[in-house]
Every structure is written in C-alpha cells, then in structure tokens.
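S.K.: With this note's numbering, the residue at position 77 of the sequence shown is 105, and numbering never jumps. Have a look at the structure that comes next, please.
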Amino acid sequence: MTLSIRILIYQALFLAIAVALMSFSMIPPRGLQPDLPQPDILFCLIAAWAMRQPDTVRPVMILFTVLLSEIMFLKPPGLWTALVLLATEFLRSLVDRIRYQAFTFEWIVFSGTFAAIIILYQLALAITFVPVLEPGSAALHVLATIIAYPVVVMISNTVFRVRKAGSAEPGPFEGRG
C-alpha cells in the first residue's frame with residue numbers, strides 16, 4: 029500500500045473516530061455525576077495524533093471536526109476552533125523535539141498547552157460577557173483531560189498503531205522490515 033493511501037485511510041479513520049466521539053458525547057452518562065466536568069477526548073485525540081503522526085491530522089480536518097463539535101454542543105462557534113487549531117499547530121511544531129523524549133515530556137507539553145487554551149478560552153468568553161465555567165469546574169475539566177490523555181495515547185498506539193514517528197516500533201507509515 030502506498031504512503032498516500034495509508035495517509036488517506038488514517039485521515040478517514042480520524043474523522044470517523046472524531047464523529048463517533050461527538051455522537052457518544054451527546055448521550056447522557058448513566059451512573060455518573062452530571063455535575064462533574066468531562067474530559068475533552070476530542071482534543072486529546074487531535075493532540076495525540078498531531079504529535080505522533082502529523083500527516084494524519086490536517087488543519088482543515090481540525091477546523092471541520094472542532095467547528096462541528098461547537099455547533100453540536102451549542103458553544104459559541106469559532107473561538108474554541110481557533111484555539112484548538114493554534115494549539116495543534118504549536119504541538120505539531122514540537123514533533124521533532126518530542127520524538128525521542130519520554131512520554132512524560134509529551135504529557136507535560138500537552139498539559140501545559142491544554143491548560144493555556146482553556147485559560148484563554150475562559151478569558152475571551154468573560155471579556156465578551158458570555159457565561160464561563162467556575163474556576164473549580166474549569167480546573168477539574170483540565171485535570172480530567174490531562175488524566176485522559178495517556179489513555180487516548182495508549183488506545184491510539186495499541187489499537188490504531190498511531191505511534192511517534194521515529195519510534196522503535198513501526199507506525200502506520202513505516203514499513204515492517
């Protein structure tokens with residue numbers, strides 16, 4: 029299979045997973061406290077794939093999926109999309125630095141980036157007099173997302189073979205021998 033076909037397959041897979049995540053997020057959770065902030069699994073997925081296989085997550089795909097998510101969840105359209113796009117491009121620019129680092133370094137970079145865009149998002153909403161999360165709820169949302177990131181990376185790595193470029197095991201774009 030040629031490289032361009034593999035990339036197209038992974039791009040389609042990414043879009044399918046993103047739409048499935050958004051669809052499942054609309055189902056009310058049973059047995060969980062509705063007041064507890066849920067992790068942003070979509071951002072975890074975008075960041076994990078952008079840092080591990082940057083060719084699979086194009087800016088247009090991010091724009092489409094995050095904007096669709098904002099519309100589906102009745103958020104002010106555009107702001108979160110722009111912040112996620114900027115954050116993803118920042119993370120993509122660090123791929124060469126993260127490639128040979130331990131996962132802990134990647135996790136710290138992800139955590140700082142997500143916390144920064146949540147702060148910017150909340151500030152922008154507050155400036156425009158749109159209701160914002162309470163600081164405690166926002167902190168719990170950030171914490172839940174940071175905790176969810178390793179799980180998303182593990183699933184991406186084991187199930188979908190989305191590994192760091194240049195890692196010891198071949199990813200979807202490297203040959204097997």
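Even for Gly, the Cβ is constructed at its ideal location relative to N, Cα and C. Predicted, not measured: the structure shown is a model, and the values here were computed from it.
Report back the beta-carbon spacing between Thr-141 and Pro-67 to the nearest angstrom; my notes put them in contact at under 8 Å.
M.R.: To locate residue 141, count along the sequence shown from 1; it is residue 113. To locate residue 67, count along the sequence shown from 1; it is residue 39. With a Cβ gap of about 15 Å, Thr-141 and Pro-67 do not count as contacting.
S.K.: Alpha carbon to alpha carbon, how far is Glu-98 from Pro-105? Give it in angstroms, no decimals.
M.R.: Position 77 of the sequence shown, counted from the first residue, corresponds to residue 105. Position 70 of the sequence shown, counted from the first residue, corresponds to residue 98. Rounded to the nearest angstrom, the two C-alpha atoms are 6 Å apart.
S.K.: So the candidates are Asp-83, Leu-113, Leu-122; which of them puts its Cα closest to the Cα of Ile-17?
M.R.: Outside the shown range of the chain, which is 29 to 205, sits residue 17, and nothing can be said about it.
S.K.: Using only CA atoms, which one of Ala-76, Ala-46, Glu-134 lies nearest to Phe-95?
M.R.: Residue numbering aside, residue 95 sits at position 67 when the sequence shown is read from its first letter. Reading off the sequence shown, one finds Leu at residue 95, where the question assumed Phe. Cα-wise, what sits closest to Leu-95 is Ala-46.
S.K.: For Gly-205, which of helix, strand or coil comes out of DSSP?
M.R.: Taking the sequence shown and counting its residues from 1, one reaches residue 205 at position 177. Reliability of the predicted coordinates at Gly-205 is poor, the pLDDT of 38 falling under 50, and the value obtained from them is presented with this limitation in mind. Correct three-state label for Gly-205: coil.
S.K.: Among Phe-138, Thr-132, Asp-124, Phe-131, whose alpha-carbon lies nearest the alpha-carbon of Thr-116?
M.R.: For this step, residue 116 is matched to residue 88 along the sequence shown. Nearest C-alpha to Thr-116: Phe-138.
S.K.: Only counting runs of 4 or more residues, tell me where the alpha helix (DSSP H) segments fall wholly within the stretch 136-204, in order along the chain.
M.R.: Fully enclosed alpha helix (DSSP H) runs of 4 or longer: 163-186.
S.K.: Alpha carbons only, please: which of Phe-101, Ser-184, Val-160 is nearest the one belonging to Ile-55?
M.R.: Counting from 1 along the sequence shown, the entry for residue 55 is found at position 27. The candidate whose alpha carbon is nearest that of Ile-55 is Phe-101.
S.K.: So which of Val-85, Ile-183, Ile-74 has the shortest CA-CA distance to Gln-39?
M.R.: As a working note, residue 39 is residue 11 in the sequence shown. Checking every option, the nearest Cα to that of Gln-39 belongs to Val-85.
S.K.: Could you check how far apart the C-beta atoms of Ala-152 and Leu-107 are, in whole angstroms? I think they sit under 8 Å.
M.R.: The residue labelled residue 152 in the question sits at position 124 within the sequence shown. The residue labelled residue 107 in the question sits at position 79 within the sequence shown. Indeed, because the Cβ distance is near 6 Å, the residues count as touching under 8 Å.
S.K.: Helix, strand or coil: which one does DSSP assign to Phe-42?
M.R.: In the sequence shown, residue 42 corresponds to position 14, counting from 1. Helix, per DSSP.
S.K.: Are Met-89 and Leu-43 closer than 8 Å when you measure CB to CB?
M.R.: The residue given as residue 89 occupies position 61 in the sequence shown. The residue given as residue 43 occupies position 15 in the sequence shown. Contact: yes.
S.K.: Which same chain residues end up closer than 7 Å to Glu-197 when comparing Cβ atoms and leaving out the 5 residues on each side of it in sequence?
M.R.: In the sequence shown, the residue the question calls residue 197 occupies position 169. The predicted model places Glu-197 with a pLDDT of 49, which falls under 50 and marks its position as unreliable, so this point remains unresolved.
S.K.: Answer with buried or exposed for Thr-156, where buried requires no fewer than 16 other C-beta atoms within 10 angstroms of its C-beta.
M.R.: Here residue 156 corresponds to residue number 128 of the sequence shown, with the count starting at 1. So Thr-156 counts as exposed.
S.K.: Drop a sphere of 10 angstroms on the beta-carbon of Tyr-177, count the other beta-carbons inside from all chains shown, and report buried for 16 or more, exposed for fewer.
M.R.: Taking the first residue of the sequence shown as position 1, residue 177 is located at position 149. Flag for Tyr-177 reads buried.
S.K.: Pick helix, strand or coil for Ala-75, following the three-state DSSP scheme.
M.R.: In the sequence shown, counting from the first residue as 1, residue 75 sits at position 47. If DSSP states are grouped into helix, strand and coil, Ala-75 belongs with the helices.
S.K.: Please check the pair Leu-111 and Leu-73, which I expect to be a contact at CB under 8 Å, by giving their CB distance rounded to whole angstroms.
M.R.: As a working note, residue 111 is residue 83 in the sequence shown. As a working note, residue 73 is residue 45 in the sequence shown. Not really, about 16 Å apart at Cβ, beyond 8 Å.
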